[in-house]
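Position 8 of the sequence shown, counting from 1, maps to 7 under numbering that gives the first Met the number 0, and the rest follow consecutively. The beta-carbon is built from N, C-alpha and C at its ideal position, and this holds for glycine as well. Everything on this sheet refers to the single structure shown next.
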Amino acid sequence: MRRRALLLAGLSLPLLGASGLELLRNRRAKFEEVGDGVLMTAAMPELLPTRDGDAMASLESAFATTLVFEIVVYRAGHSVAVDQRSRVVKIQYNPWKERYVVTTSDPGRAPQIRYYTDRDEAIARATTLDRVRVARVSALQRGPEAVYFATVVGQRNPIDRDLLAPQSGDEWDRGQGRDLSVFSRWVGIFVRATQSAEQTFAIKTVPGFYLVSS
Numbered sequence: 000m001r002r003r004a005l006l007l008a009g010l011s012l013p014l015l016g017a018s019g020l021e022l023l024r025n026r027r028a029k030f031e032e033v034g035d036g037v038l039m040t041a042a043m044p045e046l047l048p049t050r051d052g053d054a055m056a057s058l059e060s061a062f063a064t065t066l067v068f069e070i071v072v073y074r075a076g077h078s079v080a081v082d083q084r085s086r087v088v089k090i091q092y093n094p095w096k097e098r099y100v101v102t103t104s105d106p107g108r109a110p111q112i113r114y115y116t117d118r119d120e121a122i123a124r125a126t127t128l129d130r131v132r133v134a135r136v137s138a139l140q141r142g143p144e145a146v147y148f149a150t151v152v153g154q155r156n157p158i159d160r161d162l163l164a165p166q167s168g169d170e171w172d173r174g175q176g177r178d179l180s181v182f183s184r185w186v187g188i189f190v191r192a193t194q195s196a197e198q199t200f201a202i203k204t205v206p207g208f209y210l211v212s213s
């Protein structure tokens, strides 16, 4: 399979407007071009910090902890979303086998299940978006004049799944080329998500990236 590196653009990127900037934390991420997909790797340990006594107690009690990630890719300076993806991760302790089970689910793909005896390793796996497909290469332009970045809203144990953006494959995919999600709507989603989850954390990937010209 063809794999190409994506260059990082050391730019100060406009974020579609000033409102809501304080909601986002800058976070470095790795982007790769593989086939027709752009893959992203980024960590969000803030969703399940080991210093959170209640969260750790819940995890050790064998209740499943659910992490939901909504990833949106934008072109710098534009308010139209280029692509959107979601990921659901469940982490649960099995007291009988004394191991942690981490199940990762992406739309249209079979769940991936991994087992860990070390709690911190399991948490690191659950809170890291490891090479998740965030965009189609065919939806992006090549060259340094087209710089892109991603925003990620992560939730721990959300109460109302419908408060998040639609799943990939429905109106997001059918709406390519239309105004899919302006930043003001994104802020609304974030605020409501914060009220419906044990923990909500949002990031913007920096610096921006662009596809290397052929």
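Comparing C-alpha positions only, which one of the options sits nearest to residue i?
{"i": "G36", "options": "D82, V136, R130", "result": "V136"}
{"i": "E144", "options": "D51, A42, F208", "result": "F208"}
{"i": "V67", "options": "R86, S78, E59", "result": "R86"}
{"i": "T103", "options": "T65, A75, W95, P94", "result": "T65"}
{"i": "D51", "options": "S213, L210, Q198", "result": "Q198"}
{"i": "R118", "options": "R155, R26, P94", "result": "P94"}
{"i": "R155", "options": "R26, A63, R24", "result": "A63"}
{"i": "R24", "options": "R74, G107, A109, G153", "result": "G153"}
So, are the CB atoms of residue i and residue j less than 8 Å apart?
{"i": "L38", "j": "A125", "result": "no"}
{"i": "E97", "j": "T127", "result": "no"}
{"i": "V101", "j": "V88", "result": "yes"}
{"i": "L5", "j": "V81", "result": "no"}
{"i": "V146", "j": "R84", "result": "no"}
{"i": "I122", "j": "I90", "result": "yes"}
{"i": "A41", "j": "A61", "result": "no"}
{"i": "A196", "j": "P157", "result": "yes"}
{"i": "M43", "j": "V131", "result": "no"}
{"i": "V79", "j": "F148", "result": "no"}
{"i": "E59", "j": "Y92", "result": "yes"}
Buried or exposed for residue i, going by 16 or more other Cβ atoms inside 10 Å?
{"i": "G168", "result": "The predicted model places G168 with a pLDDT of 40, which falls under 50 and marks its position as unreliable; any figure quoted below should be read in that light. Per the 10 Å Cβ criterion, exposed."}
{"i": "K203", "result": "buried"}
{"i": "Q111", "result": "exposed"}
{"i": "G142", "result": "exposed"}
{"i": "T49", "result": "exposed"}
{"i": "Y221", "result": "Outside the modelled stretch of the chain, which goes from 0 to 213, sits residue 221, for which no answer is possible."}
{"i": "V72", "result": "buried"}
{"i": "L163", "result": "With a pLDDT of 44 at L163, under the threshold of 50, the modelled position of that residue is not reliable, and no figure is offered here."}
{"i": "R74", "result": "buried"}
Who are residue i's beta bridge partners in DSSP?
{"i": "L210", "result": "R141"}
{"i": "N93", "result": "R98"}
{"i": "D82", "result": "V72"}
{"i": "I202", "result": "R24, V151"}
{"i": "T40", "result": "K29"}
{"i": "A134", "result": "V37"}
{"i": "I112", "result": "T102"}
{"i": "L5", "result": "According to DSSP, L5 bridges with nothing at all."}
{"i": "V88", "result": "L66, T103"}
{"i": "T127", "result": "A42"}
> Using 8 Å as the Cβ pair cut-off and three pairs as the minimum, do the stretch 26-36 and the stretch 55-62 touch?
Replying inline: No contact exists between the stretch 26-36 and the stretch 55-62.
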